[in-house]
Amino acid sequence: MANRDDVQRELAKCINCGSVYAARRWPSGKIVPIGSTSCQCGSSDFRLVNDVGDSSEPESDSSADRSSVE
């Protein structure tokens, strides 16, 4: 069983219909909507919503790709 500190709350988007949910990301990488096991459309496949840029892309560490504005 995962430690509470290992589970992160995230914003996740259904890859089938685009609905957005508050979700938990488990140490295994599995993303599960809070209070449910699937989307209202029946899909159980979710991607994290990126706070910056295009929200349709999964969240990734792109800090190396960002250029500074001077």
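Using the numbering used here, the first residue of the sequence shown is number -11, and each one after it goes up by one. Don't be surprised by glycine CBs; every beta carbon is placed ideally from N, CA and C. None of the values given here were measured: they were computed from a predicted structure.
Candidates 35, 17 and 11: closest to residue 24 by CA position:
The residue given as residue 24 occupies position 36 in the sequence shown. Ranking the options by Cα distance to residue 24, first place goes to 11.
What residue range does the beta strand (DSSP E) around residue 20 cover?
Position 32 of the sequence shown, counting from 1, holds the residue named residue 20. Looking at the DSSP string, the run of the beta strand (DSSP E) that includes residue 20 is 19 to 21.
Could you tell me the distance, in whole angstroms, from the CA atom of residue 5 to the CA atom of residue 30?
Residue mapping note: residue 5 aligns to position 17 of the sequence shown, counting from 1. Residue mapping note: residue 30 aligns to position 42 of the sequence shown, counting from 1. Taking the straight line joining both Cα atoms gives about 10 Å.
Residue span of the beta strand (DSSP E) that contains residue 2, given as start and end:
Here residue 2 corresponds to residue number 14 of the sequence shown, with the count starting at 1. It spans -4 to 2 - the beta strand (DSSP E) in which residue 2 sits, taken as one unbroken run.
Looking only at DSSP bridge pairs, what is residue 8 linked to?
Looking up residue 8 in the sequence shown gives position 20. Beta-bridge pairing links residue 8 to 1.
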